[in-house]
Every structure is written in C-alpha cells, then in structure tokens.
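*Asks:* Residue numbers for the sequence shown follow the working numbering, so the first one is 70 and each next one is one higher.
Quick one: the structure is below, questions incoming.
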Amino acid sequence: MPYSVGLQAASAALLSAGFPVLFTTAIIVLLVIVAITSSLQKDVLDAPSRLPIYSLFAIIPFFRRRYDFMNWGFEATGQSAFQFDLLRNKVIVVSGESARQAFFTAKGLDLTEGFKILSGAIPMVRGVTSDLQTKRISLIHKRLAAVQKNEQLSMLIPSMLEDSRRLMETWGNSGSFDPFNNIYELIFQLTVRSLSCAEISDDPCVVSRLKKLYDTLDVGTTPATVLLPWLPTPAMVQKLWATKEIYDIVVAAITAREQSGVSRNDTLQMLLDSGDEKLVVVGFIMGLLIAGARATGTTACWMLTFLGGHPEWRDKAKAEIEGLLASQNAPSESLSSQLASIPLETWETETPALDSIIRETLRVAQPHTAMRRNLGPEMHIDGKLIPSGSYVVYPFSDVHLNPDIYHDPWKFDPNRQPETKSAYSYVGWGGGKTTCLGQRLARIELKIVTALFLLGFRHCIVDGSGKVTPEPPLPNWNDILLCRPPQGSFSLRYERSSATL
Ligand code: HEM
C-alpha cells in the first residue's frame with residue numbers, strides 16, 4: 070500500500086536525521102496529543118465558552134498579539150468570558166464590571182502563581198526568584214516598603230537627579246532620540262540606583278551590561294520558553310546564560326560590600342543590615358529590578374512622548390515645577406541641585422498636573438493583563454466556573470479603553486475626571502487585594518526625570534521621516550512589555566534650554 074511505503078520511508082528518513090530532528094518531532098507529536106486530548110474534554114454547563122479554534126492556534130497570538138487576541142476571543146464567542154488551553158493549563162479570560170470586582174478581590178486567586186506560568190520574563194532562579202515560599206515573598210515586600218520610607222526615599226532623590234543629569238548631559242545640545250532607548254535607559258539607571266547598590270549603579274559599564282542581559286530575557290521570552298521551560302531551545306539557553314550572568318553580577322556586588330567592611334548608605338546596606346539570608350537579598354535585587362524598571366520605564370517613555378505632542382500639558386507641568394522651585398527659594402545653581410532641594414513631601418503632594426499626567430499615561434499606555442491562578446477551591450466569576458488550579462486573566466484594556474467608561478478612550482486627556490460610577494474603573498496601580506507595592510518609588514522617579522527634562526530641554530515629536538508632527542503615536546497594546554509603536558515610526562526632537570543641567 071502506497072501510504073505504508075510512504076510511512077516507512079518517512080520513518081527511515083527520521084531515524085537517519087539524528088537526535089535534534091527526532092527530539093523536535095517527538096515534541097510536536099506530544100503537543101498535538103495534548104491539544105487533541107484537551108479539546109476532547111467535555112465542558113460542564115457553567116464553563117465559559119471555548120474559542121472556535123484548536124487551542125494550539127491560540128498560543129502564539131496570546132503571547133505575540135495579546136490585545137487583538139483577547140478582543141477577537143470576546144467577539145468570536147460573543148461572551149464576556151471565554152476559555153482556552155495553553156497546553157495543559159486552562160486559561161479563562163474575563164471582562165466587565167462584576168468580573169473585574171471578583172477578580173481583584175477573590176481570596177483564592179494568586180498573582181505570583183499566575184504570573185509564573187503566563188508571563189516568564191523575570192529571571193528564574195530556583196529559591197531566589199522562583200519557588201519562593203510565601204514567607205520569603207512577604208519579606209521581600211517588607212523590604213520594598215522599607216526602601217520607600219520617607220527617610221530612605223528622600224535620601225535617594227539627590228542621587229537620582231545626579232544620575233539623570235549625567236545621562237542627559239551625554240545627549241548633547243540638540244538632536245533626536247527614540248524614548249524607548251534613551252528614556253528607558255535613564256529609568257533603568259535610576260531603578261538600579263534605588264534598588265541595589267553603589268558598586269553596581271556607580272559603574273556605567275555594569276549597568277549597561279545588566280540592561281543588555283535583562284533585554285535578552287525579554288527578547289528570549291517566547292511561548293516555548295514560558296510553557297516548556299525544560300525544552301533546550303536556543304532562546305532558553307540564552308535566557309539561562311543571561312540569568313546566570315545577572316546572578317553573578319549581583320552576588321559579586323554583595324561579596325564586594327561584605328569584604329570591604331565599609332557600610333554605605335544604600336538599599337543593599339539596608340538589606341544586609343536587616344540580617345536577611347543572601348538568597349532574599351539576591352532575589353530582591355534580581356526580581357524587583359526588572360519588574361520596577363520595565364513598568365516605570367514604559368510609563369516615562371510614554372509620558373514624555375505625550376507631552377511632546379501636547380504642548381499645553383507640557384507648559385502646565387513645566388510651570389508647576391518652576392512654581393515649586395520659586396517657593397523653595399532654591400539656590401540658582403544647576404537645575405539638578407535646585408530640584409534636589411524640593412522636599413519629598415512637596416513632590417508627593419503639590420504636583421497635581423504631574424499626577425494627572427501620570428494617571429492618564431497609565432490609562433492609555435499600560436498594556437497590562439493581570440494574571441492569577443486559582444489556588445483555592447473552584448469558584449464562579451459572573452456565573453462562570455473557575456476550576457481549582459486554572460488560570461484567570463483580566464486585560465486592563467477592558468476597563469481603560471472602554472468607551473462607556475472613558476469617552477474617546479484613545480485620546481490622551483489628563484483633564485478627565487476620575488470615573489466613579491463603575492467599580493474598579495481605574496486600575497493603573499492595580500486594585501483590591503493587589504496594588505502596586507513600588508508605587509511611591511515609581512512616582513518619584515517619573516516626576517524627577519520629567520522635571521529635569523522639561524526644564525532642561527524643549528522637545529517635540531517627529532515622525533519617521535523627521536517631520537514635526539502634532540500627533541503622538543498610538544500606543545501599541547499588542548506589545549505587552551512597552552506598548553511600543555513600530556520602531557523608527559517616531560522620535561523625540563530636543564534642544565537644550567539655556568539652564569545648566
Ligand atoms: C509606573 C510604574 C509602575 C506601574 C504602572 C506598576 C503597576 C502595577 C500594577 C498594575 C500591579 C498589579 C498587578 C496585577 O494586579 O496583576 C503592580 C503590582 C506590583 N508592583 Fe508595580 N508598578 C510600577 C512600578 C513598580 C516598581 C518600581 C516596583 C518595585 C520596585 C513595583 C513592584 C510591584 C510589586 C512587588 C507588585 C505585586 C504586588 C503583590 O504581589 O501584591 N512596581 N504594579
């Protein structure tokens with residue numbers, strides 16, 4: 070029979086192809102079996118609708134075009150919740166006000182477990198950043214709170230301003246840049262300064278190496294590395310090397326500090342003085358550095374981009390900071406030392422324009438999808454079954470880009486009044502059980518960078534061909550990390566003002 074000859078020939082070819090081909094084929098066969106067995110499972114009556122495609126076809130869009138995929142899922146099922154399988158993991162996507170309320174408050178829904186399987190760009194070192202017991206996580210959170218106490222944060226402000234000055238000086242008197250390179254790099258430096266130690270943050274080469282390594286983790290986060298972390302794909306091997314190198318950099322800095330016997334006034338010292346195990350110290354720096362730098366970096370890039378396209382808000386923010394300087398009777402030296410004389414409390418309570426700009430930036434350009442795993446017994450959200458062990462996700466676009474809640478939702482308008490009719494109608498810093506634990510630090514970083522940039526430079530947006538355009542680019546919600554528009558489609562043109570940075 071012809072087909073058996075074909076099969077024979079195929080198997081002979083396969084056997085002579087060697088281990089890599091056999092291995093890949095075995096994996097593909099395994100995936101197909103998993104996909105077929107999961108599609109044969111019978112759903113109970115109160116289960117959310119399934120997508121009208123094989124689950125295998127959902128994997129790539131979930132990781133690569135998440136915003137479009139989610140919208141398509143709601144449209145294709147015609148429901149406010151739907152489910153699909155990521156290999157053997159059941160994922161339920163929910164939307165709407167009451168789902169949002171349940172999602173943010175349900176006791177059994179766990180963020181750490183949800184994040185682990187569905188995200189994966191955080192360096193994973195067993196016992197350091199993964200498999201953390203609840204006790205260790207809460208210790209890390211406690212130390213993060215300590216970094217943000219008044220005294221500690223106040224101490225950080227002058228160093229953050231000095232870092233910003235040093236990097237902005239390298240931009241020269243005029244030019245143009247992609248904020249996702251330059252501003253992101255600046256925020257990375259400030260985050261390293263705030264969350265690690267002088268040994269790392271004073272050395273531009275080490276900071277730049279660290280940033281490259283974290284970029285490798287981001288780029289290397291493919292569906293395969295997240296779902297099949299044991300599969301030795303080239304991306305996985307690269308990720309492992311990058312993680313090891315990050316680990317080595319952090320451990321070397323800790324060892325250098327311990328061996329020097331010199332006590333310094335920074336976050337590492339606070340961690341060491343607290344007497345925590347080394348693993349907690351390393352986990353704190355490795356894990357929070359990237360979580361903090363990415364979210365704050367994305368927000369800073371978008372804030373300055375929006376301000377470049379909205380001169381009225383640029384002027385308002387600038388006037389606000391000038392007003393603060395005038396009321397401080399700041400010495401007329403450099404801008405950075407003038408800004409360093411503004412007390413923490415003033416930065417936090419007397420900047421309504423900057424606060425509105427941050428709030429609106431997070432609404433329009435933070436493409437977060439909140440992820441949880443149900444570690445409790447089965448439960449229902451909006452009448453739909455959430456089995457124990459399943460994953461539940463809530464896309465922030467459901468609320469932040471909802472025209473019923475925010476009129477003309479893609480429009481950047483910091484004047485919007487907070488919408489109060491709908492529960493959890495703003496979740497820029499999270500909500501309910503899970504709110505951002507780094508918010509205080511992030512807000513200060515954003516304000517400092519914006520203040521120094523607005524006073525030190527004039528800027529506007531230019532399109533891909535270098536022509537000034539009044540329109541800021543549209544945030545790309547399919548880019549789950551940075552919301553970044555296509556590279557080369559715009560840049561910020563700047564020119565130094567007469568003031569000394
Ligand atoms: C503009 C910058 C930031 C934004 C917009 C932001 C936003 C958020 C949001 C929305 C959540 C909740 C996530 C969810 O429900 O799925 C969250 C949680 C968290 N954030 Fe941030 N974040 C920022 C910066 C930071 C920084 C700088 C740090 C640390 C240094 C940090 C540490 C955390 C931690 C530890 C959690 C988890 C809280 C928990 O497990 O209960 N964030 N953040």
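No residue lacks a Cβ here, since even glycine has one placed at the ideal position from N, Cα and C.
With a floor of 3 residues, list each beta strand (DSSP E) that falls wholly inside the segment 217-264, ordered by position along the chain.
*Replies:* Qualifying beta strand (DSSP E) stretches, in chain order: 243-246.
*Asks:* For a quick check, are the C-beta atoms of Ser124 and Asp154 less than 7 Å apart?
*Replies:* In contact: Ser124 and Asp154 (Cβ atoms closer than 7 Å).
*Asks:* Thinking C-beta only, is Gly366 closer than 7 Å to Ile513?
*Replies:* No, Cβ-Cβ distance for Ile513 and Gly366 is not below 7 Å.
*Asks:* Going by DSSP, what residues sit across from Thr503 in a beta bridge?
*Replies:* According to DSSP, which records beta bridges pairwise, Thr503 is partnered with Gly500.
*Asks:* Out of curiosity, what's the CA-to-CA distance linking Val162 and Trp498?
*Replies:* Distance between the alpha carbons of Val162 and Trp498: 20 Å.
*Asks:* Given a cut-off of 7 Å on the beta-carbon distance, is the pair Cys529 and Arg553 in contact?
*Replies:* No, they are not a contact pair.
*Asks:* If you measure from the CB of Ala360, is any heavy atom of ligand 1 nearer than 6 Å?
*Replies:* Yes - ligand 1 has a heavy atom lying nearer than 6 Å to the Cβ of Ala360.
*Asks:* Please state whether DSSP places Ile359 in a helix, a strand or coil.
*Replies:* Three-state DSSP puts Ile359 in a helix.
*Asks:* Ala190 to Pro400, Cα distance in whole Å?
*Replies:* In this prediction, Ala190 has a pLDDT of 48, which is less than 50 and means its spatial position is unreliable; nothing more can be read from the coordinates.
*Asks:* Grab me the residues of Thr504's own chain with a C-beta within less than 7 Å of its C-beta, minus the 5 sequence neighbours each way, in chain order.
*Replies:* Counting only Cβ-Cβ distances below 7 Å, and skipping sequence neighbours, we find Trp498.
*Asks:* I'd like the ranges of any beta strand (DSSP E) spanning at least 3 consecutive residues and lying wholly in the segment 439-521.
*Replies:* Counting whole runs of 3 or more residues, the segment 439-521 contains the beta strand (DSSP E) stretches 448-450, 453-455 and 460-464.
*Asks:* Given this structure, state the Cα-to-Cα distance separating Ile390 from Asn547, to the nearest angstrom.
*Replies:* Each residue's alpha carbon lies about 34 Å from the other.
*Asks:* Tell me whether Gly506, by its Cβ, gets closer than 6 Å to a heavy atom of ligand 1.
*Replies:* Note on residue identity: the sequence assigns Leu, not Gly, to residue 506. Yes.
*Asks:* Excluding the 5 residues flanking Gly196 on each side, which residues of the same chain have their C-beta closer than 7 Å to its C-beta?
*Replies:* Note that Gly196 scores 48 on pLDDT, short of 50, meaning its location in the model is unreliable; the coordinates nonetheless yield the value given after this. If we look at Gly196 and ignore the five residues flanking it on each side, its Cβ neighbours are Leu348.
*Asks:* Tell me which same chain residues have a C-beta within less than 8 Å of the C-beta of Ser329, skipping the five on either side of it?
*Replies:* None.
*Asks:* Along the chain, where does the alpha helix (DSSP H) containing Ser332 start, and where does it finish?
*Replies:* Note, Ser332: premise wrong, no alpha helix (DSSP H); not H, not E.
*Asks:* Shorter than 6 Å, the distance from the beta carbon of Thr503 to the closest heavy atom of ligand 1, or not?
*Replies:* Yes, the Cβ of Thr503 comes within 6 Å of a heavy atom of ligand 1.
*Asks:* If you reduce the DSSP assignment to three classes, tell me which class Gln397 lands in.
*Replies:* In this structure, Gln397 counts as helix in the three-state DSSP scheme.
*Asks:* Quick check: what's the CA-CA separation for Glu402 versus Ala568?
*Replies:* For Glu402 and Ala568, the distance between alpha carbons rounds to 9 Å.
*Asks:* CB-CB under 6 Å to Gly165, same chain, minus the five flanking residues each way: which ones, in chain order?
*Replies:* Answer for Gly165: Ser149, listed in chain order.
*Asks:* Write down the C-beta distance between Leu524 and Lys385 rounded to the nearest angstrom, noting that I regard them as a contact closer than 8 Å.
*Replies:* No, Leu524 and Lys385 are not in contact; Cβ-Cβ is about 14 Å, not under 8 Å.
*Asks:* Which of the three DSSP states, helix, strand or coil, is assigned to Arg553?
*Replies:* Of the three classes helix, strand and coil, the one that applies to Arg553 here is coil, per DSSP.
*Asks:* Answer yes or no: the CB of Ala171 versus the heavy atoms of ligand 1, is any distance below 6 Å?
*Replies:* The answer is no for Ala171.
*Asks:* Given a cut-off of 7 Å on the beta-carbon distance, is the pair Leu404 and Leu259 in contact?
*Replies:* No. Outside cutoff.
*Asks:* Is it right to say Gly557 is buried, meaning 16 or more other beta carbons lie within 10 angstroms of its own, or is it exposed?
*Replies:* Classification for Gly557: exposed.
*Asks:* Kindly indicate which residue of Thr438, Ile474 and Ser466 has the alpha-carbon position closest to the one of His460.
*Replies:* Checking the displayed sequence, the identity of residue 460 turns out to be Tyr instead of His. Tyr460 has its Cα closest to that of Thr438, out of Thr438, Ile474 and Ser466.
*Asks:* Return helix, strand or coil for Cys529, following the three-state DSSP convention.
*Replies:* Cys529: strand per DSSP, three-state reduction.
*Asks:* For Thr239, tell me which candidate among Ser228, Asn251, Gly377 and Ser560 has the shortest Cα-Cα distance.
*Replies:* Minimum Cα distance to Thr239 is reached at Asn251.
*Asks:* At what residues does the beta strand (DSSP E) containing Leu561 begin and finish?
*Replies:* Phe559 to Arg565 is the extent of the beta strand (DSSP E) around Leu561.
*Asks:* Let me check understanding here. Comparing Cα to Cα, which of Phe249, Tyr475 and Thr368 lies closest to Lys280?
*Replies:* Of the candidates Phe249, Tyr475 and Thr368, the one whose C-alpha sits nearest the C-alpha of Lys280 is Phe249.
*Asks:* Just checking my contact of Val216 with Ala369 at CB under 8 Å: how many whole Å lie between their CB atoms?
*Replies:* Incorrect: roughly 19 Å between the Cβ atoms, too far for contact.
*Asks:* Going by C-alpha distance, which of Val496, Asp345 and Ile426 is nearest Ile206?
*Replies:* Per the Cα distances, Asp345.
*Asks:* Can you tell me whether DSSP reads Val90 as helix, strand or coil?
*Replies:* Residue placement at Val90 is poorly supported in this model, since its pLDDT is 48, which falls under 50; the coordinates are not used for a value here.
*Asks:* Using the Cβ count rule (16 or more neighbours within 10 Å means buried), how would you classify Ala214?
*Replies:* Exposed.
*Asks:* Can we say the segment 221-236 touches the segment 300-309, given the rule of at least three CB pairs closer than 8 Å?
*Replies:* Flag = no, the segment 221-236 and the segment 300-309 do not touch.
*Asks:* Quick one: Cα of His379 to Cα of Gly452, how far?
*Replies:* One C-alpha to the other measures close to 44 Å.
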